[in-house]
Amino acid sequence: MTTASRADAPVGDALAVAQAPSIKSVYVFEAPVRVWHWINALAITVLALTGYFIGKPLPTMPGEASDHFLMGYIRFAHFTAGYILAIGLLGRIYWAIVGNYHARELFWLPVTNLAYWREVFRMLLWYLFIAARPNQYVGHNPMGRFMMFTMYLLVVIFMICTGFALYGEGAQAGSWANRLFGWVIPLFGSSQDVHSWHRLGMWVMVSFVMLHIYAAIRDDIMSRQSMVSTMISGRRTFKD
Ligand code: HEM
Ligand code: HEM
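Residue numbers are given in the numbering used here: position 237 of the sequence shown equals residue 250, and the series is strictly consecutive.
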């Protein structure tokens with residue numbers, strides 16, 4: 014039912030709708046990118062929570078030790094989420110090859126393009142509350158893209174390499190993880206060093222996630238374009 018045909022609608026409504034600025038939207042993120050985004054977000058949440066407790070285990074449980082398998086379940090959840098994260102990234106790389114232009118933005122930066130860096134700076138001023146308005150972008154904004162490449166992509170690759178190196182240690186020599194990532198432990202010095210770097214990587218990732226969610230929600234409200242709904246529906250709506 015349109016506004017004009019509603020019996021209880023004020024007379025001015027139809028006119029207001031007719032005169033309202035049109036809302037334009039562009040299809041940006043294809044379904045595989047969106048599905049991957051939310052599965053990946055969930056996997057990283059599980060990895061950070063369980064990883065935190067792997068390094069700083071809970072106080073001793075009461076009763077018989079054989080009655081409990083708490084750390085076992087925590088580690089199981091960590092490794093399951095680790096596999097989901099790694100296989101998800103492989104799927105995401107496949108989609109960067111076959112998907113649209115925006116599916117590739119995460120994987121490279123136009124470092125030699127001066128206009129790109131100018132836009133990064135512009136967005137930095139926006140996030141520092143110095144610029145009054147951000148520019149409009151169909152894909153990732155240049156600053157967001159920079160953060161996603163440096164603080165997400167590079168860090169997640171680091172976490173997968175160090176994570177599977179530690180996993181390969183448990184799975185022992187001859188396992189696929191040990192054969193593929195066994196070189197990581199000698200590179201860092203010892204297993205304990207890899208643990209420490211893997212844990213530090215978690216804090217970098219947690220910092221990214223906090224900034225990322227803050228920026229997505231703030232931009233949704235303050236910039237003139239949709240954000241969170243874009244990662245759900247795939248469409249970027251320009252509001253003016
Ligand atoms: C963003 C992703 C990840 C985060 C935030 C994360 C976080 C952590 C943290 C904080 C620890 C404890 C380190 C310590 O203090 O000793 C840990 C341990 C570990 N992680 Fe991850 N991790 C991630 C990805 C992975 C992946 C992809 C794997 C591969 C299966 C993995 C396997 C392991 C293993 C094997 C351990 C050691 C378990 C143990 O010693 O009992 N992690 N992780
Ligand atoms: C662990 C949590 C999260 C991680 C690791 C993460 C990571 C990412 C990554 C890597 C991208 C780039 C997507 C691509 O190009 O394929 C992205 C985009 C995006 N994420 Fe997240 N995300 C997380 C949680 C969230 C949450 C909770 C929200 C909503 C409040 C959100 C909103 C968005 C939006 C709106 C975009 C698109 C940004 C744009 O349009 O330029 N993310 N995220």
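The beta carbon of each residue, even a glycine, is placed where N, CA and C say it ideally should be.
What you are looking at is a predicted structure, and each value in this text was computed from that prediction instead of being measured.
Proximity to leucine 98 [Cα-Cα], best of Ile143, Leu166 and Tyr86:
Counting from 1 along the sequence shown, the entry for residue 98 is found at position 85. Residue Leu166 is the option with its Cα nearest to leucine 98.
Which of the three DSSP states is assigned to valine 39 in this structure?
Taking the first residue of the sequence shown as 1, we reach residue 39 at position 26. Strand.
DSSP three-state assignment for arginine 249, whether helix, strand or coil
Taking the first residue of the sequence shown as position 1, residue 249 is located at position 236. Arginine 249: strand per DSSP, three-state reduction.
If you check the beta carbons only, do isoleucine 57 and valine 169 fall under 9 Å apart?
As a working mapping, residue 57 is identified with position 44 in the sequence shown. As a working mapping, residue 169 is identified with position 156 in the sequence shown. For isoleucine 57 and valine 169, yes; Cβs fall inside 9 Å.
Shortest alpha-carbon distance to phenylalanine 221 belongs to which of Val48, Phe159, Ser35 and Trp108?
Start at 1 with the first residue of the sequence shown, and residue 221 comes out as number 208. Among Val48, Phe159, Ser35 and Trp108, the Cα nearest to that of phenylalanine 221 belongs to Phe159.
Give me the Cα-Cα distance between glycine 183 and phenylalanine 171, rounded to the nearest whole angstrom.
If you number the sequence shown from 1, residue 183 lands on position 170. If you number the sequence shown from 1, residue 171 lands on position 158. About 19 Å.
So which of His211, Val207 and Ala178 has the shortest CA-CA distance to tyrosine 65?
Here the question's residue 65 lines up with position 52 in the sequence shown. Ranking His211, Val207 and Ala178 by Cα distance to tyrosine 65 puts His211 first.
Start and end residues, alpha helix (DSSP H) containing arginine 146:
As a position in the sequence shown, residue 146 is number 133, starting the count at 1. It is not in any alpha helix (DSSP H) - arginine 146 carries neither H nor E in the DSSP assignment.
Based on Cα-Cα distance, which residue from Arg192, Phe134, Gly101 and Leu71 lies nearest to isoleucine 87?
Reading the sequence shown from its first residue, position 74 is the one you call residue 87. Ranking the options by Cα distance to isoleucine 87, first place goes to Leu71.
Quick one: give me the first and last residue of the alpha helix (DSSP H) that glutamate 118 is part of.
Taking the sequence shown and counting its residues from 1, one reaches residue 118 at position 105. Here glutamate 118 belongs to no alpha helix (DSSP H), and DSSP marks it neither H nor E.
N-terminal and C-terminal residue of the alpha helix (DSSP H) that aspartate 206 is part of
Here residue 206 refers to the residue found at position 193 of the sequence shown. Looking at the DSSP string, the run of the alpha helix (DSSP H) that includes aspartate 206 is 204-235.
Could you check whether the stretch 98-107 touches the stretch 42-49, counting it as contact only if at least three pairs of C-beta atoms, one from each stretch, sit closer than 8 Å?
yes
Looking only at its chain, what residues have a beta carbon closer than 7 Å to the beta carbon of tryptophan 139, apart from the 5 residues adjacent to it on each side?
For this step, residue 139 is matched to residue 126 along the sequence shown. Answer for tryptophan 139: Pro147, listed in chain order.
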